[in-house]
Amino acid sequence: MTRLPEHDLPPGRHRLLKEHLMTEIRRTAPSAPAPTPARGPSRWKRPALVAAAVTAVVAALTVALPTDESAPPASKEAVALLEDIALAAERTPAPAGIRDDQFVYIKSEGGWTVQEGDGPARLQPVHQREVWLSVDGSREGMLHSPFDRSDHAPLEKPAPGVPSSTDYRHLQTLPTDPDAMYEWLDSVSEGSDSKDEANFVLVGDLARESLMPPAQAAALYRAAARIRGVFVVDDAVDAAGRHGVAVARIDDGERVELIFDRETKEFLGEREVAVEDLSWGFEKGEVTGRFAVLERAVVDRAGQRP
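Each step along the sequence shown adds one to the number in full-length UniProt numbering, with nothing skipped, and position 286 is 286.
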């Protein structure tokens, strides 16, 4: 597989690489070659890496990131919207009686930028994906994504001691105070050009393929209101074609939009749009990635559907 030259790689190749390797790349290598992701959410990276390689990369990437002082504080509209989203999260009932031996099931669809061989980067067609994630992180999960040649493939157990792990029991230990949650984001997020960018990407990672407990979700969105450069997009469309309102941030020529239902404030998905002509193959205004959460549930075993 031919990868895009490093200086031309879109920001997703570099963002939060520690978390991408340690907590998000959980699937086994496919039996047939797959396109190289040039851009995409954390769990869609591949191939899986052995523990020694992961450890080496993590050690190399543990560096302090600067704050993006050139970005303004989050807009008043974004702060107000994120407060509404936090209030809605607080009112969401937590799963009743969830057990350690159960699995969080998430069905989604999306498509991201990939490069095949020496060809230009292109946007994947929208395709479905299902994951089953161990509630307490002690068991292998499962991935079903025929488009990616993954037919109920095993997902490795999360590496122990990773602070950005997305298993439910770990998420329950995160702060419920917004100030403490912001400090946690600052201490954990890595892999971007600035701390604000890394924090915003981590917020999206947690919203996308996890089941956040209500109190922690509310704190997360209130903490997001402190991230510099965040603003509102009044009409954004997810991979399922649903219109919503988004909180967004621009970095490296792309606008990353976290999309919420206009009425319920439930997280719908994500869209990424080029705000300038990109050297790796997209023109200003073109969509470079999109994602939609279709269903979340708790089930008794990996592979079981609600």
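Cβ atoms here follow ideal geometry from the backbone N, Cα and C, with glycine treated the same way.
The structure displayed is predicted, hence computed values, not measured ones.
Under 7 Å Cβ to Cβ from residue i, same chain only, skipping five residues before and after it: list those, please.
i	result
A71	D196, R228, G229
R139	K157
D261	G244, L268
G124	Correcting the residue type first, residue 124 is Gln in the shown sequence and not Gly. Once the five neighbours on either side are set aside, the close Cβ partners of Q124 are G111, W112, V114.
A207	L258, F267
P160	none
K284	A274, V275, E276, D277
Terminal residues of the continuous beta strand (DSSP E) containing residue i?
i	result
M142	141-145
E286	Per DSSP, E286 belongs to no beta strand (DSSP E) and is neither H nor E.
P154	150-155
L133	127-134
V232	231-237
Q115	103-115
I250	243-251
With distance defined between alpha-carbon atoms, name the residue in the options nearest to residue i.
i	options	result
E183	L202, S192, R169	L202
E272	A223, E254, S164	E254
G137	E130, V287, S165	S165
F267	P73, D84, S75	D84
residue 308	P93, K76, V131, E276	The structure shown has nothing for residue 308, since the chain only spans 1 to 306.
V126	V135, E286, D177, F147	F147
residue 318	A86, P154, N199	Any answer about residue 318 is impossible in this case: the structure gives the chain only from 1 up to 306.
V162	H152, V188, K284	V188
L278	I106, A96, A86, A121	A121
Q304	L87, I106, S192, A198	I106
Would you give the residue range spanned by the alpha helix (DSSP H) that residue i belongs to?
i	result
F200	195-208
R222	214-224
L81	76-91
R169	168-171
E183	178-188
Looking only at its chain, what residues have a beta carbon closer than 6 Å to the beta carbon of residue i, apart from the 5 residues adjacent to it on each side?
i	result
A224	L82, V203
T2	For T2, the pLDDT reaches just 29, beneath the cut-off of 50, and the residue's location in the model is therefore unreliable, leaving the point undetermined.
G110	A239, R290, F291
F282	A274, T288
H152	M142, H144, G303
E286	A274
So, are the CB atoms of residue i and residue j less than 9 Å apart?
i	j	result
Q128	S150	no
V232	A78	yes
G244	D235	yes
V104	R296	yes
L171	L211	yes
A274	E257	no
T173	W280	no
S75	L294	no
D167	L133	yes
E276	I259	no
P214	R91	yes
K265	A94	no
R242	P178	no
E190	A198	yes
Who are the near neighbours of residue i in its chain, counting only those whose CB is closer than 8 Å to its CB and skipping five residues on each side?
i	result
P175	M181, E183, W184, Q216, A219
residue 312	Residue 312 falls outside the range modelled here, since the chain spans only 1 to 306, and no answer is possible.
A248	V230, F231, V232, V233, A236, R255, V256, E257, L258
L87	A218, K265
D186	K195, N199
Exercise for review: Please go through the region 258-282 and give each complete beta strand (DSSP E) segment of 3 or more residues, from N-terminal end onward.
Suggested key: Runs of the beta strand (DSSP E) inside the region 258-282: 267-274.
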